[in-house]
Amino acid sequence: MASLQAKAKAIEKTSFIIISALSYTILVFLLFVLGYIFVQGYRALSWEFLTAFPKNEMREGGIFPALLGTLYLMIGSSVISVPIGVMTAIYLTEYVENSKVLQFIRLGINNLAGVPSVVFGLFGLSVFVIFLDFGSSIIAGSLTLGILNLPLVIRSTEEALLTVPTSYREASLSLGATKWQTIYKIVLPTALPGILTGIMLSLGRAAGETAPIMFTCATFYTPHIPDSLFSEVMALPYHIYVLATAGTHIEATRHIQYGTAIVLIALVLGLNFTGMVLRYKYRKKFKQ
Numbered sequence: 251m252a253s254l255q256a257k258a259k260a261i262e263k264t265s266f267i268i269i270s271a272l273s274y275t276i277l278v279f280l281l282f283v284l285g286y287i288f289v290q291g292y293r294a295l296s297w298e299f300l301t302a303f304p305k306n307e308m309r310e311g312g313i314f315p316a317l318l319g320t321l322y323l324m325i326g327s328s329v330i331s332v333p334i335g336v337m338t339a340i341y342l343t344e345y346v347e348n349s350k351v352l353q354f355i356r357l358g359i360n361n362l363a364g365v366p367s368v369v370f371g372l373f374g375l376s377v378f379v380i381f382l383d384f385g386s387s388i389i390a391g392s393l394t395l396g397i398l399n400l401p402l403v404i405r406s407t408e409e410a411l412l413t414v415p416t417s418y419r420e421a422s423l424s425l426g427a428t429k430w431q432t433i434y435k436i437v438l439p440t441a442l443p444g445i446l447t448g449i450m451l452s453l454g455r456a457a458g459e460t461a462p463i464m465f466t467c468a469t470f471y472t473p474h475i476p477d478s479l480f481s482e483v484m485a486l487p488y489h490i491y492v493l494a495t496a497g498t499h500i501e502a503t504r505h506i507q508y509g510t511a512i513v514l515i516a517l518v519l520g521l522n523f524t525g526m527v528l529r530y531k532y533r534k535k536f537k538q
């Protein structure tokens, strides 16, 4: 008996060491990638880099149009994906019984989540740019990114809603509240931390996608700030892609490529950190 316990403890200790080693290995790779990008691009970082237009054939100046365009696309995609995604998740978790219809809808959502982003780009090109005649524009890119992010918003909202105890719903209904009043005043506020986390993750994904905007809205350079939803737009990921693969001065702009990558990573990390803060804030509020 004692030998079996000793053997079990040895296996547990070995498993713990392996899991810990793998976890730290991932952290080391992450730090290596971030460190390499920072070393290659830190000299490009300045206030002018963030606020100026590119100049001298993209070898000097800044990335302000690309940064602003990325923010436009993030906001535009969230306007599409957040309301539709949250309402769909509410319908699936609160109104639809466990049936073949529910299984079919979730199968569709899972399949949509597995579609490569370049396919969404081609879909956006065919439907929004050509068929609806939006042209290469912010609205075409926002619609494409919004559809791309729908599965993420739906699934994260579903998971957040499912964490709300059933007793909360039963207590509200027993006091005379309607189904919608229970959802709006009890379920949604309780699930809000998880919903916000999913929204922030979708914003980060919208900021970092290249293929969907390549076909629908992105341009290598524009001399002015977009003035309507039907204007072309520069964006950080496409800016990096073009500078690194199709620019006329690839080596001369190497520091700008990595500097832009640093800004994009900082933007995504900032969104994730904001999501963590909001999650902690609202979770603490509802525990009081």
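Numbered per my numbering, the sequence shown spans residues 251 to 538.
Cβ coordinates follow ideal geometry from the N, Cα and C atoms, glycine included.
Because the structure is a prediction, the values reported are computed rather than measured.
Spatially closest choice to residue i from the options, by CA coordinates
i, options, result
"G525", "L442, A496, V483, H499", "L442"
"Y341", "S386, I404, M324, S296", "I404"
"E344", "K429, Q290, G396", "K429"
"P462", "T275, L395, S424, Q431", "L395"
"F303", "N522, T472, N348", "T472"
"S386", "L521, L284, T466, A427", "T466"
"S452", "S331, L284, L254, K305", "S331"
"I389", "S478, G444, L321, Y434", "S478"
"Q507", "V527, L486, G520", "L486"
"M450", "F266, S406, H505", "S406"
Inter-residue CB distance, residue i and residue j (contact presumed, cutoff 8 angstroms)
i, j, result
"E459", "L398", "7 angstroms"
"R529", "L446", "6 angstroms"
"L423", "I334", "Going by Cβ atoms, the distance from L423 to I334 rounds to 27 angstroms, so no, they are not a contact pair."
"A316", "M484", "4 angstroms"
"L393", "F378", "5 angstroms"
"L323", "G374", "The pair is not a contact, with the Cβ atoms about 12 angstroms apart (cut-off 8 angstroms)."
"G454", "N348", "Not a contact, Cβ separation roughly 32 angstroms."
"I500", "G291", "Contact flag wrong, Cβ pair sits at about 14 angstroms."
For residue j and residue i, the rounded distance between their alpha carbons
i, j, result
"V503", "S417", "Looking at the sequence itself, residue 503 is Thr, so the reference to Val does not match. Those two C-alpha atoms are separated by around 59 angstroms."
"L491", "T469", "Here the sequence assigns Tyr to residue 491, which means Leu is not the residue at that position. Cα to Cα, Y491 sits roughly 11 angstroms from T469."
"V368", "L425", "50 angstroms"
"E298", "G319", "17 angstroms"
"L493", "F282", "23 angstroms"
"A339", "E408", "5 angstroms"
"G236", "V329", "Only positions 251 to 538 of the chain appear in this structure, which leaves residue 236 out of reach."
"A516", "L402", "21 angstroms"
"V289", "K305", "23 angstroms"
"V365", "A456", "15 angstroms"
"S376", "G326", "19 angstroms"
"A421", "A410", "19 angstroms"
"A271", "G285", "21 angstroms"
"V437", "Q431", "9 angstroms"
"L519", "A427", "40 angstroms"
"L295", "L372", "34 angstroms"
Extent of the continuous alpha helix (DSSP H) run through residue i
i, result
"V351", "350 to 364"
"M308", "M308 -> no alpha helix (DSSP H), and no H or E assigned at all."
"L426", "Reading the sequence as shown, one finds Gly at residue 426 and not Leu. Element bounds for G426: n/a, residue is neither H nor E."
"R455", "438 to 458"
"S331", "314 to 340"
"I490", "486 to 495"
"A461", "461 to 466"
"L300", "297 to 301"
(message) List, from N- to C-terminal side, the alpha helix (DSSP H) runs of 4 residues or more that fit wholly inside the region 364 to 406.
(response) 367 to 374
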